[in-house]
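Colleague: Numbering (this note's numbering), first residue to last: 10 to 284. Heads up, the beta-carbon is just placed ideally off N, CA and C, and yes, glycines get one too.
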């Protein structure tokens with residue numbers, strides 16, 4: 010019995026020794042990889058030459074302004090973002106990093122390949138001219154003009170009289186939407202989502218009342234669509250059997266795409282959703 014234990018202990022020691030050797034080799038390998046893989050460092054000269062405001066030679070419009078580490082676009086919707094220059098490539102950090110090969114860069118001219126594979130030639134303009142062309146860039150926009158939108162409606166359903174109420178309010182929750190601008194650059198626009206309070210009364214009796222967010226429509230609207238959409242509005246459509254139908258509009262900004270979701274509230278306050 011003691012002999013068997015001795016054999017087992019010997020096997021365990023050998024196995025442990027083998028594990029230590031393998032782990033040591035792994036650590037050495039990782040350290041070797043770390044030492045032979047240099048971290049990316051910005052091309053300081055290129056970033057210096059990019060500072061300023063740039064216009065498209067063909068179109069004559071301001072494309073962007075580089076200030077420090079930030080790109081500012083010439084509209085109030087596109088989000089200012091960080092940029093880097095590595096190995097003759099311009100990297101612009103949206104939610105996903107977009108890379109543009111630089112063909113030529115001097116103090117006053119820039120040629121790069123946009124996201125559509127076209128070469129874009131830009132010229133740097135003076136600060137005095139830039140101040141006249143470059144507008145204030147807020148980077149975000151609130152739907153419904155940043156104000157509350159209320160509605161009150163009287164609805165008759167059979168012999169019942171309902172009072173339907175909605176209030177759309179902007180929130181601080183941001184919806185990010187990426188598209189390609191006229192210069193072939195992928196820009197990120199930011200919108201505020203809304204929250205909508207809906208309420209239904211039968212006389213003095215409150216039948217239903219709650220805040221609705223776009224998450225209410227999970228399982229009804231595809232998740233990929235819902236992620237990019239803004240709850241734009243909820244309005245009263247009319248009477249249904251023993252109740253009232255509200256309609257929610259879920260809209261992806263800068264597109265013609267939207268979902269209409271029916272919210273049916275019956276006299277007992279039960280809610281049913283349908284597209």
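Output needed for residue 127: all residues of its chain with C-beta closer than 8 Å, excluding positions within five of it in sequence on either side, in chain order.
Modeller: As a working note, residue 127 is residue 118 in the chain shown. So the qualifying residues of the chain are 193.
Colleague: Have a look at residue 76 and residue 213 and give me their C-alpha separation to the nearest angstrom.
Modeller: For the purposes of this step, residue 76 is taken as the residue at position 67 of the chain shown. For the purposes of this step, residue 213 is taken as the residue at position 204 of the chain shown. Distance between the alpha carbons of residue 76 and residue 213 is about 59 Å.
Colleague: DSSP beta-bridge partners for residue 53?
Modeller: For this step, residue 53 is matched to residue 44 along the chain shown. None; residue 53 has no bridge partner.
Colleague: With distances taken between CB atoms, is the gap from residue 132 to residue 64 smaller than 9 Å?
Modeller: The residue given as residue 132 occupies position 123 in the chain shown. The residue given as residue 64 occupies position 55 in the chain shown. Cβ atoms of residue 132 and residue 64: closer than 9 Å.
Colleague: Roughly how many angstroms lie between the CA atoms of residue 246 and residue 161, to the nearest whole one?
Modeller: Your numbering for residue 246 matches position 237 in the chain shown. Your numbering for residue 161 matches position 152 in the chain shown. So the two alpha carbons sit approximately 12 Å from each other.
Colleague: Helix, strand or coil: which one does DSSP assign to residue 234?
Modeller: Residue 234 sits at position 225 when you count from the first residue of the chain shown. Note: residue 234 maps to helix in three-state DSSP.
Colleague: If you run the structure through DSSP and keep just helix, strand and coil, what is residue 102?
Modeller: Residue 102 sits at position 93 when you count from the first residue of the chain shown. In the structure shown, residue 102 sits in a strand (DSSP, three-state: E or B).
Colleague: So does residue 185 have its beta carbon nearer than 8 Å to some heavy atom of the ligand FAD?
Modeller: You won't find the ligand FAD in this model; it holds no ligand whatsoever.
Colleague: Measuring alpha carbon to alpha carbon, tell me which residue in 191, 216 and 180 is nearest residue 205.
Modeller: Residue numbering aside, residue 205 sits at position 196 when the chain shown is read from its first letter. Of 191, 216 and 180, the residue nearest in Cα terms is 180.
Colleague: How would you write the range of the beta strand (DSSP E) that residue 176 sits in, first residue to last?
Modeller: One-based indexing of the chain shown puts residue 176 at position 167. It spans 169-189 - the beta strand (DSSP E) in which residue 176 sits, taken as one unbroken run.
Colleague: If the criterion is Cβ atoms closer than 9 Å, does the pair residue 209 and residue 224 meet it?
Modeller: Numbered from 1 along the chain shown, position 200 holds the residue referred to as residue 209. Numbered from 1 along the chain shown, position 215 holds the residue referred to as residue 224. It is not a contact, given that the beta carbons lie outside the stated cut-off.
Colleague: Taking the alpha-carbon positions, what's the residue 242 to residue 109 distance?
Modeller: As a position in the chain shown, residue 242 is number 233, starting the count at 1. As a position in the chain shown, residue 109 is number 100, starting the count at 1. Cα to Cα, the separation comes out at about 38 Å.
Colleague: What residue from 69, 175, 114 and 187 has the CA that sits closest to residue 90's CA?
Modeller: Walking along the chain shown from the start, residue 90 turns up at place 81. Among 69, 175, 114 and 187, the Cα nearest to that of residue 90 belongs to 187.
Colleague: Excluding five sequence neighbours on each side, which residues of the same chain lie with their C-beta closer than 8 Å to the C-beta of residue 140?
Modeller: Indexing the chain shown from 1 puts residue 140 at position 131. Unreliable positioning characterises residue 140 in this predicted model, as indicated by a pLDDT of 49, which lies under 50. A coordinate reading is not provided.
Colleague: In terms of residues, what are the limits of the beta strand (DSSP E) holding residue 74?
Modeller: One-based indexing of the chain shown puts residue 74 at position 65. Element bounds for residue 74: 71-76.
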